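Asks:
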Amino acid sequence: MQSVDLDSVTSRDIREALANRVGCVDGQKDFIDREMLVILGQMDKPSRIFPYLLLGTEWNASNWEELNQNNVGYILNMTREVDNFFPMHFKYVKISVSDEASTNLLNNWNLTYSFIKEAKESGKVCLVHCKKGISRSSSTVIAYAMKEYGWSLEHALAYVKKRRNCITPNKVCWFVSSLV
Numbered sequence: 001m002q003s004v005d006l007d008s009v010t011s012r013d014i015r016e017a018l019a020n021r022v023g024c025v026d027g028q029k030d031f032i033d034r035e036m037l038v039i040l041g042q043m044d045k046p047s048r049i050f051p052y053l054l055l056g057t058e059w060n061a062s063n064w065e066e067l068n069q070n071n072v073g074y075i076l077n078m079t080r081e082v083d084n085f086f087p088m089h090f091k092y093v094k095i096s097v098s099d100e101a102s103t104n105l106l107n108n109w110n111l112t113y114s115f116i117k118e119a120k121e122s123g124k125v126c127l128v129h130c131k132k133g134i135s136r137s138s139s140t141v142i143a144y145a146m147k148e149y150g151w152s153l154e155h156a157l158a159y160v161k162k163r164r165n166c167i168t169p170n171k172v173c174w175f176v177s178s179l180v
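Per UniProt numbering, the very first residue in the sequence shown carries number 1; after that it's consecutive.
1. In this structure, how does DSSP classify Val128 when only helix, strand and coil are distinguished?
2. What does DSSP give as the partner residue(s) for Ser47 in the beta ladder?
3. Just the C-alpha distance for Ala158 and Asn170, rounded to the nearest angstrom, thanks.
4. Pick helix, strand or coil for residue 204, following the three-state DSSP scheme.
5. Compare the beta carbon distance of residue 201 and Ile142 with 8 Å and say whether it is the shorter of the two.
6. Which stretch, first to last residue, makes up the beta strand (DSSP E) that contains Asn68?
7. Count the other C-beta atoms from every protein chain shown that fall within 10 angstroms of the C-beta of residue 193, then say buried if there are 16 or more, exposed otherwise.
8. Helix, strand or coil for Val25 per DSSP?
9. So for Leu76, helix, strand or coil by DSSP?
10. Start and end of the alpha helix (DSSP H) containing Asn110?
11. Would the beta-carbon of Asn68 fall within 8 Å of that of Leu127?
12. According to DSSP, is Ala30 helix, strand or coil?
13. By DSSP, does Thr168 sit in helix, in strand, or in coil?
14. Of the residues Tyr113, Ala19 and Val125, which one's Cα is nearest the Cα of Ile75?
15. Tell me the rounded alpha-carbon separation between Ala19 and Val25.
16. Among Glu16, Asp99 and Ser47, whose alpha-carbon lies nearest the alpha-carbon of Ile32?
17. May I ask whether a heavy atom of the ligand COA can be found less than 7 Å away from the beta carbon of Trp64?
18. Do you know how far the Cα of His129 is from the Cα of Glu58?
19. Only counting the same chain, and skipping five residues up and downstream in sequence, which positions put a Cβ closer than 7 Å to that of Ser137?
See the structure below:
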């Protein structure tokens, strides 16, 4: 198996290596590029939103060493499709929701808020994650910030986006401002 330096390799390098190994991949360029971005994005470190709150991905939730280095004691899993990786070692809440625009996150705001608040008060860190750390988890973190700090939707969104620029919160988040 060939190894490469992930800091210097390009998508073109990977496509060429793949073509050499399996044959012509010209018709698959967009798919290959998208999948590489997903994989690389999942390997990023979680984003520290507050000293006690990280926003991340399935990859972050499965990385034992990283969880311990960040003093994580609580994990809020905002997915239907990702299991809790270390249920004997961390306190979990799993909100089984799909990654769809129509997903209703409002039913869980009080539970997710209380769980993050409990982590804060315990002195441990809470990792909030979904598959890619983009929509479901970011919507939850934005709603938490609005309720905890009395922020407007615009302020909370800007604050979280400054710390994790890849977020695209679920549209239901826009309705939370009327509840906070």
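By construction, the Cβ of each residue, glycine as well, lies at the ideal position given by its N, Cα and C atoms.
Nothing here was measured: the structure is a model prediction, and the numbers come from that model.
Replies: In brief:
1. In the structure shown, Val128 sits in a strand (DSSP, three-state: E or B).
2. Leu55
3. 15 Å
4. Outside the displayed span of the chain (1 to 180) sits residue 204, for which this structure offers no information.
5. Here the chain covers residues 1 to 180 and nothing more, so residue 201 does not appear.
6. Segment Trp64 to Gln69 is the alpha helix (DSSP H) holding Asn68; no beta strand (DSSP E) there.
7. Past the edges of the chain, shown from 1 to 180, lies residue 193, and the structure says nothing about it.
8. coil
9. In the structure shown, Leu76 sits in a strand (DSSP, three-state: E or B).
10. Note, Asn110: alpha helix (DSSP H), Trp109 to Ser122.
11. no
12. The amino acid at residue 30 is misidentified as Ala; the sequence shows Asp. Secondary structure of Asp30 (DSSP, three-state): helix.
13. coil
14. For the residues Tyr113, Ala19 and Val125, the minimum Cα distance to Ile75 belongs to Val125.
15. 6 Å
16. Glu16
17. Although the ligand COA was asked about, the structure shown includes no ligands whatsoever.
18. 6 Å
19. Leu55, Met78, Val128, His129 and Cys130
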